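Notes for the one structure printed next.
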Amino acid sequence: MQSVYKYKLTMAGNFELRMPVGAKLLTVQVQCGHPCVWAMVDTTGKMATRKFALRGTGHQCEPEVVGAAFVGTFQLNDGEFIGHLFDLGESGRCL
Numbered sequence: 193m194q195s196v197y198k199y200k201l202t203m204a205g206n207f208e209l210r211m212p213v214g215a216k217l218l219t220v221q222v223q224c225g226h227p228c229v230w231a232m233v234d235t236t237g238k239m240a241t242r243k244f245a246l247r248g249t250g251h252q253c254e255p256e257v258v259g260a261a262f263v264g265t266f267q268l269n270d271g272e273f274i275g276h277l278f279d280l281g282e283s284g285r286c287l
């Protein structure tokens with residue numbers, strides 16, 4: 193079954209989230225002060241680890257980030273921090 197799920201982001205340079213294989217990233221926004229990403233997922237599918245990169249405006253972007261799929265931009269603290277989220281793709285698949 194397909195559903196839209198929300199995942200809270202970690203405010204780290206690079207991080208991972210467990211998501212169903214093939215999840216389609218829809219948007220990144222702030223909800224109640226926390227950055228989140230929403231994805232269309234197959235709730236009956238196998239799980240995988242998905243890697244992300246979060247960079248602030250003016251922060252250095254390594255070649256793996258430059259070539260990655262851009263997910264979106266969000267603001268925290270009335271614009272004091274502007275974050276840009278990049279999808280580095282799925283890695284190891286889990287049951």
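For the sequence shown, position 51 (counting from the first letter as 1) is numbered 243 according to the working numbering, and the numbering increases by one without interruption.
C-beta: ideal position from N, C-alpha, C; glycine also.
Note that the structure is a prediction, hence the values are computed from the model and not measured.
Taking isoleucine 274 as the reference, give the member of Gly264, Ser283, Glu282 and Leu280 with the closest Cα.
Counted from its first residue, the sequence shown places residue 274 at position 82. Checking every option, the nearest Cα to that of isoleucine 274 belongs to Gly264.
When DSSP labels each residue in this structure, what does valine 263 get in the three-state scheme?
Mapped onto the sequence shown, residue 263 falls at position 71. Valine 263 falls in the strand class under three-state DSSP.
In the DSSP assignment, find the unbroken alpha helix (DSSP H) run with glutamate 256 in it and report its ends.
Counted from its first residue, the sequence shown places residue 256 at position 64. That run of the alpha helix (DSSP H) goes 255-258.
Taking histidine 226 as part of the beta strand (DSSP E), name the residues at either end of that continuous run.
Locating residue 226 in the sequence shown gives position 34, where the first residue counts as 1. Where histidine 226 is concerned, the enclosing beta strand (DSSP E) stretches over 226-234.
In whole angstroms, give me the CA-to-CA distance for glutamate 272 and lysine 200.
Numbered from 1 along the sequence shown, position 80 holds the residue referred to as residue 272. Numbered from 1 along the sequence shown, position 8 holds the residue referred to as residue 200. Going by C-alpha positions, glutamate 272 is about 20 Å away from lysine 200.
Same chain, Cβ closer than 6 Å to threonine 235, neighbours up to 5 away in sequence not counted
The residue labelled residue 235 in the question sits at position 43 within the sequence shown. These residues qualify, in order along the chain: Met193 and Ser195.
Tell me which residues share the same chain as proline 227 and place their Cβ nearer than 6 Å to its Cβ, disregarding the 5 neighbours each side in the sequence.
Taking the first residue of the sequence shown as position 1, residue 227 is located at position 35. Short of 6 Å from the beta carbon of proline 227, and not among the five residues preceding or following it, lie these beta carbons of its own chain, in chain order: Leu201 and Phe266.
Pair within 8 Å by beta-carbon distance, asparagine 269 and lysine 243:
If you number the sequence shown from 1, residue 269 lands on position 77. If you number the sequence shown from 1, residue 243 lands on position 51. One thing to note: asparagine 269 has its Cβ no nearer than 8 Å to the Cβ of lysine 243.
Among Lys216, Leu277 and Tyr197, nearest to cysteine 253 - alpha-carbon criterion:
Within the sequence shown, the letter at position 61 stands for residue 253. Checking every option, the nearest Cα to that of cysteine 253 belongs to Leu277.
In whole angstroms, give me the CA-to-CA distance for alanine 231 and glutamate 256.
The residue you call residue 231 lines up with position 39 of the sequence shown. The residue you call residue 256 lines up with position 64 of the sequence shown. Note on geometry: alpha-carbon atoms of alanine 231 and glutamate 256 lie some 22 Å from one another.
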